[in-house]
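Enquirer: Attaching a single structure in structure tokens format; questions to follow.
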Amino acid sequence: MDASQDTDEAALTAEELARSASVYRWLDIVVAAFFLVLGVVVLAQVATELPLMRFGQVGPGMLPSAVGSILIGLGGIAILQNLTSRVAFSGTAMPTLKEGVRVAAVVVLLILTILFIPVLGTLASLMLFILIELRFVERRSWTISVATAALVPLFIHTTFEAMLGVALPAGILGLR
Amino acid sequence: METLSLLADGFATALTLQNLGWVIFGTVMGTLVGALPGLGPTAGMAVLLPFAFALNPTSALIMLGGIYYGAMYGGTITAVLLNIPGESDAIWTALEGHKLARRGRAGAVLIIAAVMSFLAGTMSLILLVALAPMLADWALSFGPAEQFGVLLIGLAMISGFASKAPVKGWIMLAFGLGIGMVGLDIVTGMPRFTFGSDRLLDGLDFLPVTVGMFGVADVLANVEKNMRVRAENKIGLRDMMPTSEEWRRSRLPAARGTLLGFFLGVIPGSGTTMASTASYAVEQRISKKPEEFGNGAIEGVAGPESANNAATSGAMVPILSLGIPGSPATAVLFGAMLMQGLRPGPLLFQNNPDVIWGFLASMYVGNVILLALNTLFIPVFTKLTVKAVPIINVFVLALCIVGVFAFRNSLFDVGVMLTFGVIGYFLNKLNYPTMPLILGIVLGDVAELTLRQSLIISRGDPMIFFSSPIAATLMTIAIIVVFSPLVAMLRKRRRVAAASVQTSSVE
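Chains A and B supply the protein sequences, listed in that same order. All residue numbers for the first sequence refer to numbering that gives the first Met the number 0, where the first residue is 0 and numbers rise by one. All residue numbers for the second sequence refer to numbering that gives the first Met the number 0, where the first residue is 0 and numbers rise by one.
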């Protein structure tokens, strides 16, 4: 047996490694900045709504203030480490445009599925999601895609509705 | 004697038809999630958490535990046959086992791995049963200050040592604590970080966040790679019998791996990967033929496989006796216990002996089932793995959506799950460890409560954390653990600076 995938980390070329390192650094900065901003939001709420002390005892703002301070401090350090190139690139392959589009497509499909559940019902929405995801995102054969789109909702109906008694949301058409 | 009697009661619980069914279900699912590339025990447990919620506490723990240790067996299949370590703890098995598989020894390697894993699992369970109740008895004398010290040590070890970048570990812990704080304050009832939304008054539940961070994030990573698996070799019955030489060479590495794995597993934050890596390093170091390592050494499979199985039992010691989950999978188990109304920690042995002893006994039963599954059914699991790969992503996503919805009949929770799935995907890419985040969520409430209780008792005097010998020792250890990564970083920087000064003076 053998396994293959579009991106093979072991076979990354020097050019791909340089691209991955650059994407990694900028993405790391963005995420660290997100945590820093989150820390500011936390401290702002502590300052306006959550007292540090209440009736002479530790108040609901004490731990959040520590959390906010850690997020700001360490978020700042993480940004500085990236800007001064002190973060060692681990060699993790960053997605190429094609791979990124594939991930984004699945996320969009999931959002649409969640939005369609109250309209089409759970099982019909899942059926559509599975068919589109397998056939057009993962590019599996029609046979696998259609069979899976039929069998997985059937499995879910059997386990969740018939066995566990969960009432899955029905759509406006009355379908489960 | 009392322990043996309690264990006997545990076996009576574990061997009821219903619980036996859940052991079999858990171990089969565990073997499958371990065998399937891109899906590990934590993701498997997270995805099946909603099922656990529908069961009674004993059956829920038995099922989730089965997935956890079952995955250790299953991970070997993909590591040996596909050269894909399903989990990071199987990298050494992939390195050595796959080379042996290419020489036609795949079946024999899998049999040795299964038998040694079984022996390691059994031995480590004996250690677990001996150690956990003793530690729990000792921990019963802890007041809030001591409890806070223990929690601080656990959180610090996991955040500081779980990743190569301690800064990222601590950020994730703070993020997790922040998520855990959303909702009503546990002492005063004041809303925190709800931003006026009624939905957030109940807080962000552990389940959608965990399913998102582990289940959805893992699937998104799989979709990115778009993995294809094709079967080229079949394992014949004749290939499945190890030679006497292979058995002989595996015995001692397995024994060493068991002890090493168990005691490393006990340390929060070390996990199964450190156990298998340490075992591999030891075997390579003491081997008379170290040149065989990297080219297909059976010792490099037997040792790490025993170590990672023993580490799963070791990891149960801190969660059952002290209430500290030491690995992502035990953090999910911890959350499941809370969801079931159990309070993990020393009181578990006193308040819920039927649950806890039933769970421990089920681990013995599960190991026997896993030995049978992973010796007699290797070809079946191999075929199932290859067949399941094309559909696993959509199957897991569908289970995540329906499972999270079923938890509270809330599509909002499904949205939270998806949000954290995307966040988890990016954080995994950037090597942010997810374990401190989950721990922050599950332990945040308890840590804050014990901190505030301690300060209420002492009327705000922080010296309460040093008032008893146990509390003072625990706090000192916690402080050392918190600052040791910083000290290590400064020492490394000084060494580098000294080396560069030396180089320039030579020039």
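Where a beta carbon is used, it is the ideal one built from N, C-alpha and C, also for glycine.
Which of the residues in the region 275-301 of chain B, read from start to end, lie with their CB under 9 Å from any CB of chain A?
Expert: none
Enquirer: In the DSSP assignment, find the unbroken alpha helix (DSSP H) run with I155/A in it and report its ends.
Expert: 141-155
Enquirer: Hey, L127/B and S312/B are a contact pair by Cβ (cut 8 Å); roughly how many whole angstroms apart?
Expert: 5 Å
Enquirer: For V45/A, which residues does DSSP report across the bridge?
Expert: Per DSSP, none; premise fails for V45/A.
Enquirer: Is there a C-beta anywhere in chain A that falls below 8 Å from the one on P435/B?
Expert: Chain A contact via Cβ: absent.
Enquirer: In chain A, which residues lie with their C-beta within 9 Å of the C-beta of F394/B?
Expert: Those are I129, T147, V151, F154, listed as they occur along chain A.
Enquirer: Please return the same chain residues whose Cβ sits closer than 6 Å to the Cβ of F128/A, not counting the five positions on each side in sequence.
Expert: L108, T112
Enquirer: Helix, strand or coil for G423/B, going by three-state DSSP, please let me know.
Expert: Residue state, collapsed to three classes: helix.
Enquirer: Can you tell which of L51/A, T83/A, G120/A has the C-alpha that lies nearest to the C-alpha of R24/A?
Expert: Residue T83/A holds the alpha-carbon nearest to the alpha-carbon of R24/A among L51/A, T83/A, G120/A.
Enquirer: In this structure, how does DSSP classify P49/B when only helix, strand and coil are distinguished?
Expert: The three-state secondary structure of P49/B, taken from DSSP, is helix.
Enquirer: Have a look at T384/B and D217/B and give me their C-alpha separation to the nearest angstrom.
Expert: 17 Å
Enquirer: Below 9 Å on C-beta distance, what does I110/A contact in chain B?
Expert: Neighbours of I110/A on chain B, chain order: G414, L417.
Enquirer: Are any of the Cβ atoms in chain B nearer than 8 Å to that of V36/A?
Expert: Closer than 8 Å: no.
Enquirer: Give the secondary structure of I178/B by DSSP, where H, G and I count as helix, E and B as strand, and everything else as coil.
Expert: helix
Enquirer: When you compare only the Cα positions, how much space is there between P327/B and S58/B?
Expert: 21 Å
Enquirer: By the DSSP assignment, the alpha helix (DSSP H) with M131/B in it spans what residues?
Expert: Note on residue identity: the sequence assigns Ala, not Met, to residue 131/B. Residues 105-138.
Enquirer: For the alpha helix (DSSP H) containing T26/B, list its first residue and its last residue.
Expert: 16-34 is the extent of the alpha helix (DSSP H) around T26/B.
Enquirer: Just the Cα atoms here: how many angstroms apart are R407/B and T433/B?
Expert: 24 Å
Enquirer: Could you tell me which chain A residues have their CB closer than 7 Å to the CB of A553/B, listed as they occur along the chain?
Expert: The displayed coordinates of chain B run from 0 to 506. Any statement about residue 553/B would go beyond what the structure contains.
Enquirer: With 8 Å set as the bound, which would you pick, yes or no: does the beta-carbon of E137/A sit closer than that to a beta-carbon of chain B?
Expert: yes
Enquirer: Report back the beta-carbon spacing between F419/B and M156/B to the nearest angstrom; my notes put them in contact at under 8 Å.
Expert: Contact flag wrong, Cβ pair sits at about 24 Å.
Enquirer: Are the C-beta atoms of E98/A and some chain B residue less than 8 Å apart?
Expert: yes
Enquirer: Mind pulling the chain B residues with CB within less than 7 Å of T121/A?
Expert: V401
Enquirer: Against A45/B, what residues of chain A qualify as contacts under a CB-to-CB distance less than 7 Å, listed in chain order?
Expert: None at all; the shortest Cβ gap to chain A is about 16 Å.
Enquirer: Run through chain B and tell me which residues come within less than 7 Å of G190/A, C-beta to C-beta.
Expert: The structure shown has nothing for residue 190/A, since chain A only spans 0 to 175.
Enquirer: Identify each residue in the region 154-170 of chain B for which the Cβ-Cβ distance to at least one residue of chain A is less than 8 Å, and report them in chain order.
Expert: K163, A164, V166, K167, W169, I170
Enquirer: Which residues in the same chain as A309/B place their Cβ atom closer than 6 Å to its Cβ, once the five residues preceding and following it in sequence are excluded?
Expert: A119, S123, T257, G260, F261
Enquirer: Give me the Cα-Cα distance between M62/B and T26/B, rounded to the nearest whole angstrom.
Expert: 8 Å
Enquirer: For chain A, check one thing: does any of its Cβ atoms lie closer than 8 Å to the Cβ of D184/B?
Expert: yes
Enquirer: Measure the C-alpha to C-alpha separation of A166/A and T121/A and round it to an integer number of angstroms.
Expert: 10 Å
Enquirer: Grab me the residues of G142/B's own chain with a C-beta within less than 7 Å of its C-beta, minus the 5 sequence neighbours each way, in chain order.
Expert: For G142/B, where only same-chain residues beyond five positions count, there are no Cβ hits under 7 Å.
Enquirer: Roughly how many angstroms lie between the CA atoms of A301/B and N307/B, to the nearest whole one?
Expert: Near 10 Å, if we compare the C-alpha coordinates of N307/B and A301/B.
Enquirer: Under 8 Å, do L73/A and I479/B count as touching if we go by C-beta distance?
Expert: no
Enquirer: Please tell me whether G443/B and M189/B are closer than 8 Å, where the distance is taken between their beta carbons.
Expert: no
Enquirer: Please check the pair L219/B and Y424/B, which I expect to be a contact at CB under 8 Å, by giving their CB distance rounded to whole angstroms.
Expert: 4 Å
Enquirer: Is there a Cβ from chain A that is less than 8 Å from the Cβ of T187/B?
Expert: Contact with chain A is found for T187/B, since one of that chain's Cβ atoms lies less than 8 Å from the residue's Cβ.
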